[in-house]
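Residues in the sequence shown are numbered from 35 upward in steps of one, following the numbering used here.
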Amino acid sequence: MSSEAQKSLNFIEEIIESDLNSKPDGWKVHTRFPPEPNGYLHIGHAKSICLNFGIAEKYGGLTNLRFDDTNPTTEDTEYVDSIKKDIRWLGFDWEDREYYASDYFERLYGFAIKLIEKGLAYVDDSDSDAIAEMRGTPTRPGIESDYRNRSVEENLILFAAMRAGEFADGEKVLRAKIDMSSPNMHLRDPVIYRIKHAGHHRTGNEWCIYPMYDFAHGQSDSIEEITYSLCTLEFENHRPLYDWFIEKLEIFPSRQIEFARLNVSHMITSKRKLLKLVEEGYVSGWDDPRMPTIAGLRRRGYTPASLRNFADRVGIAKRDNLIEMSLLEFSVREDLNKRASRVMVVRNPVKLVIENYPDGQFEDLEADNNPEDPSSGKRMLPFGKEIYIDRKDWMDDPPRKYFRLGPDRTVRLKHAYIIHCHNHVKDEDGNVSEIYCTYYPNSKSGSDESGIKVKGTLHWVSVPHAGKGEIREYDLLFTDPEPTNHEDQDFLSFINPESLNVVNEAAFEPSLYEVTPETHYQFLRMGYFVTDPDSKPGHPVFNMVVGLRDTWGKKMRKK
Ligand code: ATP
Ligand code: MG
35 MSSEAQKSLN FIEEIIESDL NSKPDGWKVH TRFPPEPNGY LHIGHAKSIC
85 LNFGIAEKYG GLTNLRFDDT NPTTEDTEYV DSIKKDIRWL GFDWEDREYY
135 ASDYFERLYG FAIKLIEKGL AYVDDSDSDA IAEMRGTPTR PGIESDYRNR
185 SVEENLILFA AMRAGEFADG EKVLRAKIDM SSPNMHLRDP VIYRIKHAGH
235 HRTGNEWCIY PMYDFAHGQS DSIEEITYSL CTLEFENHRP LYDWFIEKLE
285 IFPSRQIEFA RLNVSHMITS KRKLLKLVEE GYVSGWDDPR MPTIAGLRRR
335 GYTPASLRNF ADRVGIAKRD NLIEMSLLEF SVREDLNKRA SRVMVVRNPV
385 KLVIENYPDG QFEDLEADNN PEDPSSGKRM LPFGKEIYID RKDWMDDPPR
435 KYFRLGPDRT VRLKHAYIIH CHNHVKDEDG NVSEIYCTYY PNSKSGSDES
485 GIKVKGTLHW VSVPHAGKGE IREYDLLFTD PEPTNHEDQD FLSFINPESL
535 NVVNEAAFEP SLYEVTPETH YQFLRMGYFV TDPDSKPGHP VFNMVVGLRD
585 TWGKKMRKK
């Protein structure tokens with residue numbers, strides 16, 4: 035049995051499987067992903083997308099994309115476009131089922147009329163403070179509004195007048211008439227319509243009353259005949275209201291099931307706070323590679339497969355928890371290991387001269403692009419008398435167990451020869467500035483007849499062939515694992531001032547002269563990188579995705 039099949043069912047799958055046995059023929063798994071277009075999608079949404087589309091796929095069902103666009107003032111078509119782009123990029127397809135809650139405004143209005151006619155909704159003239167006051171507290175029952183017992187006729191006239199624009203914002207609301215003493219605060223005559231004289235990104239000025247979330251979301255589920263409305267735990271207390279509307283309106287019985295939000299350490303997933311980072315310039319935009327947005331993760335070099343695998347690994351929980359960011363990094367490392375070409379980049383170059391190599395002579399050495407993937411082929415690397423190696427691979431006075439280069443040490447150059455160091459010079463600050471070696475012509479990689487045993491292998495780039503460019507290295511955007519979880523401290527105070535480090539002196543091998551968008555590489559011995567859209571001909575820009583190994587434990591101890 036494959037590991038996939040062995041994996042036990044999560045609690046949502048258990049519910050579905052038991053339903054499949056008891057529901058009538060024609061019952062199908064129909065889910066929806068319901069973003070509010072008021073920001074870019076983030077890692078938490080990615081989780082929800084994978085869950086909704088994944089479950090439907092597993093049971094041969096369907097998933098709708100529904101924009102929950104009932105709040106005219108915060109929503110924008112820029113967000114609609116970015117959301118669609120991100121979901122497609124993740125690899126999911128809603129086919130022709132792209133819906134907007136705003137398309138249902140007329141039907142939702144009709145539902146409200148139906149409630150009024152049944153004596154289950156009323157227009158209230160109280161202002162929002164008074165309504166909040168009358169709502170009571172979890173331990174103190176609410177108080178019924180003086181307007182609660184208006185006649186059906188009067189309510190119908192007033193609600194029509196609300197729609198016709200005869201009142202100012204806040205002058206009246208429509209409330210469901212349920213139970214002011216219910217222990218569930220959401221059932222204490224919730225507001226279902228409010229007046230807002232504001233243009234909407236789709237309906238323009240057609241409406242000046244807008245349904246509240248609870249009156250739009252569930253009813254939209256019913257209109258679309260969604261069978262499983264999967265949402266995050268904060269809506270658990272809304273479920274009785276969700277079910278009350280279905281019962282009283284006699285509409286399609288969608289079922290709401292709550293699961294725990296995804297929280298990832300050192301990341302924030304509040305759209306409002308992410309917007310603040312963008313608007314106040316803490317990051318370069320929604321797609322800044324340090325952002326936990328899908329656009330940011332993509333620019334950072336995360337792949338769709340790595341995010342889907344991550345969502346799968348995290349699983350579905352019933353209780354809130356915190357996932358270590360190292361798990362996200364593990365997922366991308368695992369994926370890039372399979373697909374990234376190995377190339378040589380010297381981050382901090384120091385010149386090395388091979389004294390017994392003929393002046394002006396060059397040779398092409400064969401290098402495999404990815405040992406994990408034989409189909410990735412090979413490329414040729416120019417090699418000559420002068421090469422760069424990384425300063426970090428040199429020590430003036432190395433300890434015995436140091437396998438890199440130092441005076442009188444022998445190492446292999448990757449894909450090339452074994453060299454022996456016999457001299458070096460330093461600059462006025464005492465740093466090595468040039469290294470002199472000899473090479474063993476019979477030690478060429480792949481046909482080594484030298485019999486010399488070496489422990490260290492260094493990467494390098496030929497000096498006259500070296501390209502220049504920019505490397506952007508990233509650290510955590512926040513220094514605290516849960517920056518939004520401190521009552522006494524603003525999340526902005528945990529911003530890491532050193533989250534971006536730009537390296538301009540690196541030397542690149544020639545295959546990196548011509549960069550193609552969104553190409554992933556493993557820079558040997560450094561980590562995984564991706565080309566950034568800021569790249570220009572002759573000036574490649576690379577984003578560091580993740581290091582080669584999990585250095586998390588170390589990092590956490592340092593902090
Ligand atoms: P808002 O505060 O703007 O409502 P939101 O995070 O709820 O923010 P929505 O656009 O309403 O954003 O979310 C769309 C869907 O994604 C919802 O079903 C929501 O439950 C789900 N979702 C949002 N954040 C997470 C998260 N961290 N983990 C899992 N699912 C999430
Ligand atoms: Mg929401």
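Think of the CB as a built atom: it goes at the ideal place given N, C-alpha and C, for glycine as much as any other residue.
The DSSP-derived three-state label of T550 is coil.
Under a 10 Å Cβ-count criterion, T111 is classified as exposed, with fewer than 16 other Cβ atoms of the shown protein chains found around its own Cβ. The Cβ neighbour count for E268, taken over all protein chains shown within 10 Å, is under 16; the residue is labelled exposed. Every unbroken stretch of the beta strand (DSSP E) spanning 3 or more residues and falling wholly within the region 398-453 is given here in chain order: 412-418, 420-424 and 444-447. In this structure, P287 sits near S256, with a CB-CB distance shorter than 9 Å. The residue among K211, V186, E543 and R197 with its C-alpha nearest the C-alpha of E140 is R197. Taking every protein chain shown into account, the CB of L99 has 16 or more other CB atoms within 10 angstroms, so this residue is buried.
In the structure shown, A345 adopts helical secondary structure according to DSSP, grouped into three states.
Distances from the CB of E70 to the heavy atoms of ligand 1 include at least one below 8 Å. For A541, the pairing in a beta bridge is given by DSSP as V380. Judged by DSSP in its simplified three-state form, V114 adopts helix. Taking non-hydrogen atoms of ligand 1 into account, the C-beta of F126 is found less than 8 Å away from none of them.
Nearest in C-alpha terms to S545, of all of D393, D402 and I291, is D402.
By the Cβ neighbour-count rule, M414 is exposed, with fewer than 16 other Cβ atoms within 10 Å of its own. Within the same chain, and ignoring the five residues on either side of E483 in sequence, the residues whose Cβ sits closer than 8 Å to its Cβ are N476 and S477. W241 is classed as buried because its beta carbon has at least 16 other beta carbons within 10 Å across all chains shown.
Taking all protein chains shown into account, H231 has fewer than 16 neighbouring C-beta atoms within 10 Å of its C-beta and is therefore exposed. Under the three-state reduction of DSSP, M578 is assigned to strand.
Distances from the CB of S82 to the heavy atoms of ligand 1 include at least one below 8 Å. Approximately 20 Å separates the beta-carbon atoms of G411 and F563; this is outside 8 Å, ruling out the contact. Setting aside the 5 residues that flank it on each side, L356 is surrounded in the same chain by N297 and S299, each with a C-beta closer than 6 Å to its C-beta; the list follows chain order. The beta carbons of M429 and E507 sit no closer together than 9 Å.
For D115 and P71, the gap between their C-alpha atoms comes out near 9 Å. Non-local C-beta neighbours of S216 in its own chain, meaning closer than 7 Å and more than five positions away in sequence, comprise R222, ordered along the chain.
Comparing alpha-carbon positions, the option among G319, Q395 and L154 lying closest to L283 turns out to be L154. Apart from sequence neighbours up to five positions away, the residues of its chain that approach K307 with a beta-carbon distance below 7 Å are T518 and F525, ordered along the chain. When DSSP states are grouped into helix, strand and coil, R559 belongs to the coil group. When DSSP states are grouped into helix, strand and coil, R228 belongs to the strand group. Taking a 10 Å sphere around the C-beta of H76, we find 16 or more other C-beta atoms and assign the residue as buried.
Checking the 8 Å criterion, the Cβ of G73 is within range of a heavy atom belonging to ligand 1.
Inclusion of H79 in the 8 Å shell around ligand 1 follows from its C-beta lying nearer than that to a non-hydrogen atom of the ligand.
Taking the Cβ atoms as the reference, K435 lies roughly 16 Å from L492, outside the contact range of under 8 Å. Here N538 is exposed. Its C-beta has fewer than 16 other C-beta atoms within 10 Å. Just so you know, the alpha carbons of P68 and E178 end up roughly 34 Å apart. According to the DSSP assignment, H64 belongs to the beta strand (DSSP E) that extends over H64 to F67. Distance between T266 and G170, taken at the CA atoms: about 26 Å.
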